[in-house]
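Plus 381 on top of the position in the sequence shown (first one is 1) and you've got my numbering.
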Amino acid sequence: MSATTAPEPMESLPVRSPGTPVVLDRREGPFGEVVLRERGEHFEIIANGCFLMDTSDGRSERLLIDVALASLPAGRTVPSVLIGGLGVGFSLVRAAEEERWGRIVVVEREQAIVDWHREGPLDRITGTALADPRTGILHTDLIAHLRTTTERYDALCLDIDNGPDWTVTESNGSLYSPAGLAHCHDRLTPGGVLAVWSAQPSPAFEEALRNAGFSGVRTEEVAVARGVPDVVHIALRAG
Numbered sequence: 382m383s384a385t386t387a388p389e390p391m392e393s394l395p396v397r398s399p400g401t402p403v404v405l406d407r408r409e410g411p412f413g414e415v416v417l418r419e420r421g422e423h424f425e426i427i428a429n430g431c432f433l434m435d436t437s438d439g440r441s442e443r444l445l446i447d448v449a450l451a452s453l454p455a456g457r458t459v460p461s462v463l464i465g466g467l468g469v470g471f472s473l474v475r476a477a478e479e480e481r482w483g484r485i486v487v488v489e490r491e492q493a494i495v496d497w498h499r500e501g502p503l504d505r506i507t508g509t510a511l512a513d514p515r516t517g518i519l520h521t522d523l524i525a526h527l528r529t530t531t532e533r534y535d536a537l538c539l540d541i542d543n544g545p546d547w548t549v550t551e552s553n554g555s556l557y558s559p560a561g562l563a564h565c566h567d568r569l570t571p572g573g574v575l576a577v578w579s580a581q582p583s584p585a586f587e588e589a590l591r592n593a594g595f596s597g598v599r600t601e602e603v604a605v606a607r608g609v610p611d612v613v614h615i616a617l618r619a620g
């Protein structure tokens, strides 16, 4: 009777906790490091070590689009919208789900984020929206685009960082400056809507919008589990 050889022990695989983030991609870009992580069933985007957004709750990102459309003048047909910041894609998906929108332009300065949506894990979120013939992606800096383009939009829905009082990169602060708001005002059609996402309310930003010539300034809040609510600041260009 021949001796049997004991099987070699199988290498144990690491057990991933739902609460432990796993890095899927990490890149250095012109504005610093961006990281895509997976935590359980959700994805997270980290910019320069600062948490930017995740896929756990997209209510405020969807509100950014909904409130802009609802605030447009009655009878405005096939309005165009510029979405500043692709992020995890919730705002784009919401816009593409709404048949009333005409042209949908997304401005994203990080090539890594565009890649994650076009050929990476985030395709499962935005694949259909990106294939929509109304959708176009501009790989450029939002502030530079607003300053140099001659295009006008019926709505600007901007979500490029954590808000006017908490910017991810120093250069983003110029968006909320008098000059930046003037560019936003110029890029809107008469009666157009500016909607700006923020991780916290900002009375100072509301005042800055009024000083920039916007009317109908108001703030919509979305309660979160802990801390201050997410908000969308809304302002109108006079018709």
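Using N, Cα and C, we set each Cβ at its ideal position, and we do this for glycine too.
- Per the Cβ contact rule, the region 566-573 is in contact with the region 523-533 (3 or more Cβ pairs under 8 Å).
- In the three-state reduction of the DSSP assignment, Thr-507 falls in the helix class.
- Sequence-distant partners of Pro-402 (beyond 5 residues in either direction) whose C-beta falls short of 6 Å from its own C-beta, in its chain, are Arg-418 and Arg-420.
- Closest in alpha carbon position to Ser-579, among Ala-593, Ser-558 and Glu-602, is Glu-602.
- In this structure Pro-584 is exposed. Its beta-carbon is surrounded by fewer than 16 other beta-carbon atoms within 10 angstroms.
- In the DSSP assignment, Asp-435 falls within the beta strand (DSSP E) that extends over 431-435.
- Measuring C-alpha to C-alpha distances from Ala-493 to each of Thr-550, Pro-545 and Leu-467 identifies Leu-467 as the nearest.
- The shortest CA-to-CA distance from Val-488 to any of Val-459, Gly-508 and Leu-527 is the one to Leu-527.
- Pro-460 counts as buried, since at least 16 other C-beta atoms from the protein chains shown sit within 10 angstroms of its C-beta.
- Linking Ser-596 to Leu-405 through their CA atoms gives a straight-line distance of about 43 Å.
- With respect to the 7 Å criterion, Thr-507 and Gly-470 are classified as neighbours on the basis of their beta carbons.
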